[in-house]
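J.: Sharing a structure here in structure tokens format.
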Amino acid sequence: MRDNHNKVYKSFSDVIEGKEGRFCETLLGKRVDYSGRSVIVVGPSLSLHRCGLSREIAIELFKTFVIRGLIRQHFASNIGVSKSKIREKESVVWEILQEVMQGHPVLLNRAPTLHRLGIQAFQPILVEGHAIFLHPLVCKGFNADFDGDQMVVHVPLSLEAQAEARLLMFSHTNQLSPAIGDPIFVPTQDMLIGLYVLTSGNRREPFVGNSYAAIGAYRQKRIHLDSPLWAPVVTRSTRSYFKRSSHRSSL
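Structure representation (structure tokens):
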């Protein structure tokens with residue numbers, strides 16, 4: 250049967266089935282504003298309560314707050330001028346964005362959310378690239394790893410939601426499993442191997458000036474792939490590993 254506009258009438262089954270049906274579209278879940286999705290990658294230099302967001306994701310999530318900041322600080326006279334500055338990616342936009350992000354937590358979630366630690370709050374910082382940077386020790390709560398997993402980021406808007414995120418949901422305040430009380434932040438795999446290699450073997454560690462000196466010492470068989478080394482970094486000396494230098498050179 251067709252209506253006056255020659256369109257086929259929808260049956261009851263057509264209304265409820267499929268992705269655009271009543272159940273999937275509006276009851277089981279729906280799109281929300283101020284959210285984004287990206288692949289997670291390891292960020293070992295981050296603190297436990299921080300996550301790294303790319304500029305593309307961050308500017309979309311906090312666009313409304315950046316517009317308000319531009320107007321309040323008299324960098325723009327109205328919303329239209331503010332949006333124009335954001336499109337042109339002026340330097341003042343990133344300064345305002347960093348100010349906004351310092352006082353605004355975000356929520357990270359990885360599906361399926363099977364327990365309370367499946368969604369946690371983090372303090373965002375700007376990073377380069379397109380991925381979400383995450384500290385490796387917080388992965389256990391999300392049951393996540395770095396083989397292509399994706400996570401969703403949400404922005405709590407109201408003051409009540411932000412306070413709840415800070416007091417109850419920050420990752421560094423959820424250190425124990427809510428089910429059995431075991432620690433969540435437990436080093437595994439490559440972390441344990443690194444700690445073992447760092448604390449084993451000969452304590453007299455050679456000093457190398459750069460990666461070329463390390464490669465030369467390796468070719469002369471004065472060191473091997475797992476030998477710990479002292480290598481200069483900026484203005485101080487930091488313990489390093491020749492294995493890492495060797496991989497960089499081969500690349």
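In this text, residue positions in the sequence shown follow the working numbering: the first is 250, and each later residue adds one.
We put the CB at the ideal spot given by N, CA and C, even for glycine.
For the putative contact between isoleucine 308 and leucine 356, defined by C-beta atoms under 8 Å, what is the C-beta separation to the nearest angstrom?
T.: As a first step, residue 308 is located in the sequence shown; it is residue number 59 there, counting from the start. As a first step, residue 356 is located in the sequence shown; it is residue number 107 there, counting from the start. Not quite, the Cβ-Cβ distance comes to about 18 Å (not below 8 Å), so this is no contact.
J.: What does DSSP give as the partner residue(s) for serine 284 in the beta ladder?
T.: Reading the sequence shown from its first residue, position 35 is the one you call residue 284. Answer is His403.
J.: Go ahead and label phenylalanine 311 buried or exposed: buried means 16 or more other beta carbons lie within 10 angstroms of its beta carbon, across all protein chains shown.
T.: Position 62 of the sequence shown, counted from the first residue, corresponds to residue 311. Answer is buried; the Cβ neighbour count reaches 16.
J.: Using DSSP with H/G/I as helix, E/B as strand and the rest coil, what is serine 303?
T.: For the purposes of this step, residue 303 is taken as residue 54 along the sequence shown, with counting starting at 1. Strand.
J.: Would you mind sorting methionine 440 into buried or exposed? The rule is 16 or more other CB atoms within 10 Å of its CB.
T.: Here residue 440 is taken as the residue at index 191 of the sequence shown, counted from 1. Exposed: under 16 other Cβ atoms inside 10 Å.
J.: Rounded to the nearest angstrom, what separates asparagine 459 and proline 481 at their Cα positions?
T.: As a first step, residue 459 must be located in the sequence shown, where it is residue number 210. As a first step, residue 481 must be located in the sequence shown, where it is residue number 232. Straight-line Cα distance between these residues: approximately 8 Å.
J.: Can you tell me where the beta strand (DSSP E) with alanine 370 in it begins and where it stops?
T.: Against the sequence shown, residue 370 aligns to sequence position 121. From DSSP, the beta strand (DSSP E) with alanine 370 extends over 368 to 376.
J.: Who pairs with arginine 251 in a beta bridge, going by DSSP?
T.: As a first step, residue 251 is located in the sequence shown; it is residue number 2 there, counting from the start. DSSP output for arginine 251 lists Val257 as bridge partner(s).
J.: Can you give me the C-alpha to C-alpha distance between glutamine 399 and cysteine 300, rounded to a whole angstrom?
T.: Working through the sequence shown from its first residue, we reach residue 399 at position 150. Working through the sequence shown from its first residue, we reach residue 300 at position 51. Their backbone Cα atoms lie some 14 Å apart in a straight line.
J.: Can you tell me which of Leu383, Leu366, Leu406, Ile368 puts its alpha carbon nearest to the alpha carbon of valine 288?
T.: Taking the sequence shown and counting its residues from 1, one reaches residue 288 at position 39. Measuring from the Cα of valine 288, the nearest candidate turns out to be Leu383.
J.: For arginine 359, which of Val341, Lys389, Ala414 has the nearest alpha-carbon?
T.: Residue numbering aside, residue 359 sits at position 110 when the sequence shown is read from its first letter. The candidate whose alpha carbon is nearest that of arginine 359 is Lys389.
J.: Using 8 Å as the Cβ pair cut-off and three pairs as the minimum, do the stretch 324 to 341 and the stretch 368 to 376 touch?
T.: As far as the Cβ criterion goes, the stretch 324 to 341 does not touch the stretch 368 to 376, which means the pair count is below three.
J.: Can you tell me where the alpha helix (DSSP H) with valine 446 in it begins and where it stops?
T.: Sequence index remark: in the sequence shown, residue 446 carries index 197 (1-based). Start and end: 439 to 447.
J.: Could you check what DSSP says for leucine 425 in three-state terms: helix, strand or coil?
T.: Against the sequence shown, residue 425 aligns to sequence position 176. Leucine 425: strand per DSSP, three-state reduction.
J.: Please determine, among Gln411, Leu425, Val435, the residue with the shortest C-alpha to C-alpha distance to glycine 352.
T.: Numbered from 1 along the sequence shown, position 103 holds the residue referred to as residue 352. Checked all of Gln411, Leu425, Val435; the closest Cα to glycine 352 is Gln411.
J.: Looking at the unbroken beta strand (DSSP E) that takes in leucine 356, where does it start and where does it end?
T.: Taking the first residue of the sequence shown as 1, we reach residue 356 at position 107. Segment 355 to 358, the beta strand (DSSP E) holding leucine 356.
J.: Does the beta carbon of arginine 280 fall short of 7 Å from some heavy atom of the ligand HEM?
T.: This structure does not include the ligand HEM; it has no bound ligands of any sort.
J.: Assign alanine 428 to one of two classes, buried (16 or more other C-beta atoms within 10 Å of its C-beta) or exposed (fewer than that).
T.: For the purposes of this step, residue 428 is taken as the residue at position 179 of the sequence shown. The residue is exposed, with fewer than 16 neighbouring Cβ atoms inside 10 Å.
J.: The alpha helix (DSSP H) that contains phenylalanine 456, what's its start and end?
T.: Within the sequence shown, residue 456 is the residue found at index 207, counting from 1. Taken as a continuous stretch (DSSP letters only), phenylalanine 456 belongs to no alpha helix (DSSP H), as it is neither H nor E.
J.: Near glutamine 322, what residues of its chain come up, given a Cβ to Cβ distance below 8 Å and the 5 sequence neighbours on each side ignored?
T.: Indexing the sequence shown from 1 puts residue 322 at position 73. So the list reads Ile345, once near-sequence residues are dropped.
J.: For phenylalanine 314, which residues of its own chain have a beta-carbon under 8 Å away from its beta-carbon, when the five flanking residues on both sides are left out?
T.: Counting from one through the sequence shown, the residue named residue 314 turns up at place 65. Around phenylalanine 314: Val349, His353.
J.: Take serine 284 and list the residues in its own chain whose beta-carbon comes closer than 8 Å to its own, dropping the five residues that flank it on each side.
T.: Taking the sequence shown and counting its residues from 1, the one referred to as residue 284 is at position 35. Excluding positions up to five away in sequence, the list reads Leu310, Val401, Val402, His403, Val404.
J.: On the three-state DSSP scale, how would you describe proline 481?
T.: To locate residue 481, count along the sequence shown from 1; it is residue 232. Note: proline 481 maps to strand in three-state DSSP.
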